[in-house]
Structures are given as structure tokens and as C-alpha cells.
Amino acid sequence: MKNGDAGSDRTVDSSADESTTDSEPRPDGGVATGDEVAYLDAEVNIFSPSTPFMRDHLRIIWSGFVAWLLIVFGPVSLTPIIPGVMTAPIPVIGFPLHYFLVGIGAPVGALLLSIWYARKRDALDEEYGISHETEPEPETEVAAAADGGTAE
1 MKNGDAGSDR TVDSSADEST TDSEPRPDGG VATGDEVAYL DAEVNIFSPS
51 TPFMRDHLRI IWSGFVAWLL IVFGPVSLTP IIPGVMTAPI PVIGFPLHYF
101 LVGIGAPVGA LLLSIWYARK RDALDEEYGI SHETEPEPET EVAAAADGGT
151 AE
């Protein structure tokens, strides 16, 4: 028995710092803290994005995917639902509407979605300070020896 404690075997470590706990919430180290985060080096999980950049990028990807589904598969899916409208000939060119939408609308829509994505991604990269420019290698004044050895 220690210090009159009849049933206690525990000793108290007075050197332990009680102010730090593992359960304290911490920021992700991104824009909110001003720290540099290697957004392109973080682990990618499409169902659980790990950084604010990935969450914003995933929002753009899913929006584009839904738009692509509507543009590409919309005319094909609507043809059996409303055949009167979709199979009616277009006045100027005489093709049925679904032919025109699948043959011209889908490729043009995909091209426009590509442009939309490129602009959104550039804006997102600029917002998070991601640069895709490469720095030129500094020119050295010492020429390499032709035989692989050192210059004399």
C-alpha cells in the first residue's frame, strides 16, 4: 500500500503532459493554415477525397460526368420514350431529330465539355496555387567531356 491508498495499484506519472491529446481536431494543412500542401502527392480516393483541392476537383468531375451522360445518352434514351418528337424530321436538313442529336450533338457536346473542364481545372489550379510550368535547367558553363571523363 502506498500513501494510504488501500486498493489502488496505480502510480501517477507526473511527467506526462496532459495538454496534448490525440483526439484534438487538426486542420488538413491546406489553404486555411497557409501551409504548403503537396496536393498532387496526396493519396487519391474517389469516395473520400483527402484534401479540399480533391473535393473541389471531384465536384467538377461528377458535374461533367452527369452532363456527359445527358448529352450522349439523352437522345438515345428519349427516342423510345417520345418517339414522335425524336423521329420527326428536322425542317431544313430532313434528318430525324435523334439522328442529328446523336451524330452532331453528342460529339459537339463532348467537345464543349472538354473545353468547360479545361477552364474549370485551370481556375481550380490557380485557386490552389498549382503550377504545371516546368523550370528550365540552369545552363552550366562547364562542358562535359566527350569520353565521359572529366575535363582537363
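In full-length UniProt numbering, the protein residues as written are 1 to 152.
Ideal placement from N, C-alpha and C gives every residue a C-beta, glycine not left out.
Below 8 Å on the Cβ atoms is my contact criterion, and I expect residue i with residue j to pass it. Report the Cβ-Cβ distance as a whole number of Å.
{"i": "Gly105", "j": "Pro75", "result": "7 Å"}
{"i": "Gly64", "j": "Leu113", "result": "6 Å"}
{"i": "Ile71", "j": "Gly103", "result": "With a Cβ gap of about 13 Å, Ile71 and Gly103 do not count as contacting."}
{"i": "Ser50", "j": "Ala42", "result": "5 Å"}
{"i": "Tyr128", "j": "Phe53", "result": "5 Å"}
Residue range of the alpha helix (DSSP H) that residue i falls in?
{"i": "Gly94", "result": "Taken as a continuous stretch (DSSP letters only), Gly94 belongs to no alpha helix (DSSP H), as it is neither H nor E."}
{"i": "Phe47", "result": "Phe47 -> no alpha helix (DSSP H), and no H or E assigned at all."}
{"i": "Ile115", "result": "106 to 128"}
Under three-state DSSP, which class holds residue i?
{"i": "Thr79", "result": "helix"}
{"i": "Ala67", "result": "helix"}
{"i": "His57", "result": "helix"}
{"i": "Asp13", "result": "In this predicted model, Asp13 has a pLDDT of only 45, less than 50, meaning its place in the structure is not dependable; the value taken from the coordinates is given anyway. In the structure shown, Asp13 sits in coil (DSSP, three-state: anything other than H, G, I, E or B)."}
{"i": "Val31", "result": "Legend: pLDDT at Val31 = 48, less than 50; position of this residue unreliable, value from coordinates given subsequently. Residue state, collapsed to three classes: coil."}
Compare the beta carbon distance of residue i and residue j with 8 Å and say whether it is the shorter of the two.
{"i": "Asp56", "j": "Leu101", "result": "no"}
{"i": "Ile46", "j": "Arg121", "result": "no"}
{"i": "Met86", "j": "Leu97", "result": "yes"}
Flag residue i as yes when its Cβ comes closer than 7 Å to any non-hydrogen atom of the ligand SAH, and as no otherwise.
{"i": "Glu133", "result": "Among the ligands in the structure shown, none appear at all, so the ligand SAH cannot be discussed."}
*With contact counted as at least three CB pairs below 8 Å, one residue from each stretch, are the segment 89 to 96 and the segment 112 to 128 in contact?*
With a cut-off of 8 Å, the segment 112 to 128 and the segment 89 to 96 do not count as touching, because too few Cβ pairs lie within range.
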